[in-house]
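Chemist:
So, in structure tokens, the structure goes:
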């Protein structure tokens, strides 16, 4: 009886009879609730932080670009941006290989294509396709010789900037690029092209992006590259018969 009375007294406590403040309220889905949660100070801070970072990065990039262009525009002498090495072996390889393929095809094709009686007809077609491919390779190699850039220089210009233009555009109007382009045959004088830097665009990046890499990350990348080359060399030494074909395949992939 004593235990029953204590149990009834516990159930009849006022704290258990009145509603608790920690009860779960029903969630209301709608624009009001969305605006309430999205306009909280923490949400605003999180949403504006990436935007502020982008704005700061663009401002720093534009300021550094403006300072660099201003420094180049103030120089009285031209600035060499790119100076190519000698292209002698490039021209020699393209012309000698191309002319050899075309000449050998022109000399031997009439004799080889004149098949004697009794030879299957598809033999002549196979030889004809082979000669066409060889001539195409020769012309393709020769076609790579024109429009090879020898040097790129930045020339100070005296052109007046456009009124109301931005600072970067005003500095850009004072600069010109001078491109020295070699012709198909190196015996002829190269072609010189002058134009404003705002009219020049690059289809591909001439070099890798210059980004800061921590020392530990760089050393880790070097160790990984050295280990990869060592493993590749060990695999090549263990499979000497197929190594030339793998080397040729890697060369084509890296083109």
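In the numbering used here, the protein residues as written are 14 to 268.
All C-beta atoms, glycine included, are put in the ideal place defined by N, C-alpha and C.
#1: How is residue 191 classed by DSSP in three states: helix, strand or coil?
#2: For residue 246, which of 259, 190 and 136 has the nearest alpha-carbon?
#3: Quick one: what does DSSP say residue 35 is sitting in, helix, strand or coil?
#4: On the premise that residue 192 lies in contact with residue 165, defined as a C-beta separation below 8 Å, what is that separation, rounded to the nearest angstrom?
#5: Touching or not, the segment 130 to 149 and the segment 96 to 106, by the rule of three or more beta carbon pairs under 8 Å?
#6: Check this for me: beta carbons of residue 151 and residue 124, under 9 Å apart or not?
#7: Which ranges does the alpha helix (DSSP H) cover as unbroken runs of at least 4 residues, wholly within the segment 214 to 260, from first to last along the chain?
#8: Can you tell which of 157, 94, 85 and 137 has its C-alpha closest to the C-alpha of residue 106?
#9: Would you mind reading off the limits of the alpha helix (DSSP H) that contains residue 138?
#10: Could you have a look at residue 262 and say whether DSSP puts it in helix, strand or coil?
#11: With respect to the alpha helix (DSSP H) encompassing residue 123, which residues constitute its N-terminal and C-terminal limits?
#12: Taking only the alpha-carbon atoms, compute the straight-line gap between residue 163 and residue 130 and give it to the nearest angstrom.
Modeler: If we stick to the structure as given:
#1: strand
#2: Ranking 259, 190 and 136 by CA distance to the CA of residue 246 puts 259 first.
#3: Residue confidence for residue 35 is low, a pLDDT of 43 falling below 50, so the modelled location carries little weight and cannot support an answer.
#4: 6 Å
#5: no
#6: no
#7: 228 to 251
#8: 157
#9: Bounds of the alpha helix (DSSP H) holding residue 138 are 134 to 156.
#10: helix
#11: 101 to 126
#12: 55 Å
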